[in-house]
Amino acid sequence: MRRNSHSDRPSARKSESRWQLALAFGAVTFAAAAHSFRDMHEGTPWRHTVTPSAVMVVQAAALTLGYGWLRNHNARRTIMLVAGALVSIAFGALAAWLHVDRALNDARACLLAISIGLGVGGLWALVFLLPAVLRDANLRSLAAESMRREAELAQLRASLEPHFLLNTLHTIAALTVDDPLVARRLLAALGDLLRDGLESSPEIRPLEADIHWLQRYAEILEVRHRGSLRFVWDIAPGTTAVPLPKLLLQPLLENAVKHGVLCRDGGGVVMLRTRFAHGSLQLVVEDNGPGMPAGTKEGLGLRMVRERIGLASPGASLRLASSAEGTRATIEIPRSQEAGR
């Protein structure tokens, strides 16, 4: 859904920093002063040098005010460009009329007027308008990237959740006769997972909430693969309060189960360890499976984990280490760049 443009205006106006405006006027003023100094050095009367230069500075002010007025009225960039060119040519004509020798023919006078106006307008746009255009383009790029990630996340969940849900329901159905107590416990865990998925929770939340979700998720998997899968939780005190992207670790645990422990004869163990070390928060998901085959490429889950931690904490990293003894995935987030700070 497109946001209301009126709600975006205050933040857009604030982004036009004072130094940027001062730099634009400074550049135009410097160019005008240099022009005046050159003409006066050549013996041109001051009336034909200083006055046109003042007109150039007024032109910069007119362009700034006009740009702000058009933007506040949601004018298209094409209209802004045409209006800026016309204003520049008009001021250029005035500057040329105050400056040029009356002996010049009309064609050369018009050419000089256009050159002066568009030259000053181009200099103003380069210093003042171009950074704003580049910033808007960057914001649009970030918005498009965010929408792409959301689509990938939705695709990932759409492909995983029905499979997980159906297998869990089949397990519960079988347990209702053989072990009703375990079946009820499994239903409660599944209900907690579904409720968390349906609730509108923030994208960034404390690690404690994610660990609670993962423990319910692991409880279901342990029952489904009874005797072949065991989870170990080594959670250091203080780490649970750290804010992280929602369900960041779920793809890592799923990979450790699906491509690690369940590929090992007799099953194995998946461990989640959290700790503070070397000024960083470390999140480690480790299994004792057979390891990743050589040349294995990252799947969608790992790519999304890497992208999400990169956006939430630019200094964060995801490292994978694999051998015949198992696979370890380590997320490291500098304490100064924890998500949500």
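Residue numbering for the sequence shown follows the numbering used here, starting at 924 and increasing by one per position.
Backbone N, C-alpha and C fix where the C-beta goes; we use that ideal spot for every residue, glycine too.
Computed from a prediction, not measured in an experiment: that's the story for all the values here.
{"query": "Host alpha helix (DSSP H) of E1177 (start-end)", "result": "1173-1181"}
{"query": "Beta-carbon proximity check, E1142 vs R1153, cutoff 8 Å", "result": "no"}
{"query": "Assigned secondary structure, L1170 (DSSP; H/G/I helix, E/B strand, else coil)", "result": "coil"}
{"query": "Rounded separation between S1246 and R1139 - CA only", "result": "29 Å"}
{"query": "Presumed contact (8 Å Cβ cut-off) between V1165 and P1129, rounded CB distance", "result": "7 Å"}
{"query": "With 16 other Cβ atoms within 10 Å as the buried cut-off, status of A1244", "result": "exposed"}
{"query": "Reduced DSSP secondary structure (H/G/I, E/B, other) of T1219", "result": "coil"}
{"query": "Cβ shell of R1147 (< 6 Å), same chain only, five flanking positions each side left out", "result": "T1094"}
{"query": "Integer-rounded CB distance, given that V1184 should sit under 8 Å from D1210", "result": "5 Å"}
{"query": "Contact the stretch 1168-1175 vs the stretch 1225-1236: 3+ CB pairs below 8 Å", "result": "yes"}
{"query": "Sub-8 Å separation of L1167 and I1127 beta-carbons", "result": "yes"}
{"query": "Segment limits, beta strand (DSSP E) that includes A1239", "result": "Segment: none, A1239 is in no beta strand (DSSP E) and carries neither H nor E."}
{"query": "Closest by C-alpha distance to A1006, when choosing among L1017, A985, L1092", "result": "A985"}
{"query": "Pair within 8 Å by beta-carbon distance, A1159 and T1197", "result": "yes"}
{"query": "Alpha carbon of S1038 to alpha carbon of W992, nearest angstrom", "result": "25 Å"}
{"query": "Sequence-distant residues of its chain with Cβ nearer than 6 Å to E1255 (five each side left out)", "result": "S1203, Q1205, S1240"}
{"query": "Cα-Cα separation, Y990 to R1226", "result": "42 Å"}
{"query": "Buried versus exposed, by CB contacts within 10 Å (16 or more), E1248", "result": "exposed"}
{"query": "8 Å Cβ cutoff met for T1250 and G1212", "result": "yes"}
{"query": "Pair within 8 Å by beta-carbon distance, L1195 and L1137", "result": "yes"}
{"query": "Rounded straight-line distance, which links the Cα of N1061 to that of S1082", "result": "Confidence at S1082 is low in this model, with a pLDDT of 48, below 50, so the placement of that residue is unreliable and no value is reported for it."}
{"query": "Delimiting residues of the alpha helix (DSSP H) encompassing E1209", "result": "Taken as a continuous stretch (DSSP letters only), E1209 belongs to no alpha helix (DSSP H), being part of the beta strand (DSSP E) at 1203-1210."}
{"query": "Span separating the alpha-carbon of M1215 from that of L1109", "result": "31 Å"}
{"query": "Same chain only: Cβ atoms within 7 Å of T1228, ignoring 5 sequence neighbours per side", "result": "Note on residue identity: the sequence assigns Val, not Thr, to residue 1228. L1171, P1174, L1175, L1241."}
{"query": "Reduced DSSP secondary structure (H/G/I, E/B, other) of S1011", "result": "helix"}
{"query": "Closest by C-alpha distance to V1208, when choosing among A1016, V1192, G1222", "result": "V1192"}
{"query": "Beta strand (DSSP E) segment containing L1195, residue limits", "result": "1191-1200"}
{"query": "Limits of the unbroken beta strand (DSSP E) element including A1252", "result": "1249-1257"}
{"query": "Cross-strand partners of W1156 (DSSP beta bridge)", "result": "L1195"}
{"query": "Inter-residue spacing [alpha-carbon to alpha-carbon] between L1009 and G1238", "result": "47 Å"}
{"query": "Endpoints, beta strand (DSSP E) assigned at R1149", "result": "Element bounds for R1149: n/a, residue is neither H nor E."}
{"query": "Reduced DSSP secondary structure (H/G/I, E/B, other) of P1129", "result": "strand"}
{"query": "V1155 burial status per 10 Å Cβ neighbour count (16 or more: buried)", "result": "exposed"}
{"query": "Nonlocal neighbours in the same chain, by C-beta distance under 8 Å from L1199, ignoring five residues either side", "result": "Looking at the sequence provided, one finds Phe at residue 1199 rather than Leu. Correct list, in chain order: A1159, G1161, T1162, Q1205, R1258."}
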